[in-house]
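Novice: The structure that follows is given in the form of structure tokens.
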Amino acid sequence: AQTVTQSQPEMSVQEAETVTLSCTYDTSESNYYLFWYKQPPSRQMILVIRQEAYKQQNATENRFSVNFQKAAKSFSLKISDSQLGDTAMYFCAFILYAYSGAGSYQLTFGKGTKLSVIP
Amino acid sequence: EAGVAQSPRYKIIEKRQSVAFWCNPISGHATLYWYQQILGQGPKLLIQFQNNGVVDDSQLPKDRFSAERLKGVDSTLKIQPAKLEDSAVYLCASSLVRGMNTEAFFGQGTRLTVV
């Protein structure tokens, strides 16, 4: 079974500081993508950053970057220069192809980390 | 570009009643997903459509949940009869195509409370 574990239920960071959210996952597949999604109080999930498992170079999107350790099955998110608008739930997720039936791309989410940015 | 639209935003029903949720995906998106997000947990996939056909409904409780996507556009998710444990946020998402590198766009969800 595919699982995603986010060990930090809640975190807080001072505005303008840097914070790292951790994520580990488990799968026997070798080809997959990893994602970080942000869910603000409005409940709408927004894609923050994605990483292909075959790429060794860590993905970066402006203030957001990841540390992808494939052998350790670890995928942490670093937020630099934290802003008040970064306050939200952050979900780690991965997608792989399920060969059963007609075949489907299954996105599996962790339980999330609630991040609060303090002024 | 208009996003994924869902209605209603909130719904409160008594157990054993029926309820339906509606989703209008982004125009041109072939793939549509329904997720259930119980408080304190990540979203769990209930059903996935490709156009108007079901690709994956392995986690849909078919004795009480049903979903359809007529004409490959709008979709409805129904619960009949509802149980207390169905209280959750129901998220609809769509993507242009199926694939691992395809971004899924989410609606704001419907918060269901069963009392």
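So the protein sequences, as listed, match chains A and B. Quick note on numbering: the first sequence equals residues 1 to 119 in this note's numbering. Quick note on numbering: the second sequence equals residues 1001 to 1115 in this note's numbering. Positions of the beta carbon are idealized from the N, C-alpha and C atoms, including for glycine. Predicted, not measured: the structure shown is a model, and the values here were computed from it.
Would you say the region 1012 to 1020 of chain B touches the region 1077 to 1086 of chain B, given that touching needs at least three Cβ pairs under 8 Å?
Specialist: These segments touch.
Novice: At which residues does the beta strand (DSSP E) containing B/Leu1111 begin and terminate?
Specialist: Looking up residue 1111 of chain B in the second sequence gives position 111. This sequence places Arg at residue 1111 of chain B; Leu is not what is there. 1110 to 1114 is the extent of the beta strand (DSSP E) around B/Arg1111.
Novice: Which partner residues does A/Asn67 have in the DSSP bridge list?
Specialist: The residue labelled residue 67 of chain A in the question sits at position 67 within the first sequence. A/Asn67 is bridged to A/Ser76.
Novice: Would you check if the distance between the CB atom of A/Phe51 and the CB atom of A/Phe68 is smaller than 7 Å?
Specialist: The sequence position of residue 51 of chain A within the first sequence is 51, counting from 1. The sequence position of residue 68 of chain A within the first sequence is 68, counting from 1. According to the sequence provided, residue 51 of chain A is Gln. The question's Phe does not apply to it. It is a contact, given that the beta carbons lie within the stated cut-off.
Novice: Taking B/Gln1050 as the reference, give the member of B/Glu1085, B/Ala1093, B/Tyr1010 with the closest Cα.
Specialist: One-based indexing of the second sequence puts residue 1050 of chain B at position 50. Checked all of B/Glu1085, B/Ala1093, B/Tyr1010; the closest Cα to B/Gln1050 is B/Ala1093.
Novice: Buried or exposed: where does A/Val48 fall if 16 or more other Cβ atoms within 10 Å of its Cβ makes it buried?
Specialist: Here the question's residue 48 of chain A lines up with position 48 in the first sequence. With 16 or more other Cβ atoms inside 10 Å of its own Cβ, A/Val48 counts as buried.
Novice: Out of B/Met1100, B/Trp1034, B/Gly1072, B/Ile1038, which one is the CA nearest neighbour of B/Phe1065?
Specialist: As a position in the second sequence, residue 1065 of chain B is number 65, starting the count at 1. Selected option, being the one with the closest Cα: B/Trp1034.
Novice: If I follow the unbroken beta strand (DSSP E) through B/Asn1101, where does it start and stop?
Specialist: The residue given as residue 1101 of chain B occupies position 101 in the second sequence. Per DSSP, B/Asn1101 lies in no beta strand (DSSP E) segment and is marked neither H nor E.
Novice: With C-beta atoms as the reference, is A/Thr113 less than 7 Å away from A/Gln2?
Specialist: Along the first sequence, one-based indexing puts residue 113 of chain A at 113. Along the first sequence, one-based indexing puts residue 2 of chain A at 2. No, they are not a contact pair.
Novice: For A/Asp86, report the span of its beta strand (DSSP E) as first-last.
Specialist: Within the first sequence, the letter at position 86 stands for residue 86 of chain A. A/Asp86 -> no beta strand (DSSP E), and no H or E assigned at all.
Novice: Nearest-angstrom Cα distance between B/Val1097 and A/Tyr25?
Specialist: The residue you call residue 1097 of chain B lines up with position 97 of the second sequence. The residue you call residue 25 of chain A lines up with position 25 of the first sequence. If I take the Cα positions, the gap works out to 25 Å.
Novice: In chain B, which residues lie with their C-beta within 9 Å of the C-beta of A/Gly112?
Specialist: Within the first sequence, the letter at position 112 stands for residue 112 of chain A. Neighbours of A/Gly112 on chain B, chain order: Gly1040, Gln1041, Gly1042.
Novice: Please list, in chain order, the chain B residues whose beta carbon lies closer than 8 Å to that of A/Leu96.
Specialist: Translated into the one-based positions of the first sequence, residue 96 of chain A becomes position 96. Neighbours of A/Leu96 on chain B, chain order: Met1100.
Novice: Touch check for the region 70 to 90 of chain A and the region 20 to 36 of chain A: three-plus C-beta pairs under 8 Å?
Specialist: yes
Novice: When DSSP builds the beta bridges, which residues end up paired with A/Thr24?
Specialist: In the first sequence, counting from the first residue as 1, residue 24 of chain A sits at position 24. DSSP output for A/Thr24 lists A/Thr5, A/Ser74 as bridge partner(s).
Novice: Which residue's Cα is closest to the Cα of A/Glu15: A/Val66, A/Asp81, A/Met89, A/Ser104?
Specialist: Position 15 of the first sequence, counting from 1, holds the residue named residue 15 of chain A. Checked all of A/Val66, A/Asp81, A/Met89, A/Ser104; the closest Cα to A/Glu15 is A/Asp81.
Novice: Enumerate in chain order the residues of its own chain whose CB-to-CB distance from A/Ala157 is below 8 Å, with the five nearest sequence positions on each side excluded.
Specialist: Beyond the ends of chain A as shown, which are 1 and 119, falls residue 157 of chain A; an answer cannot be given.
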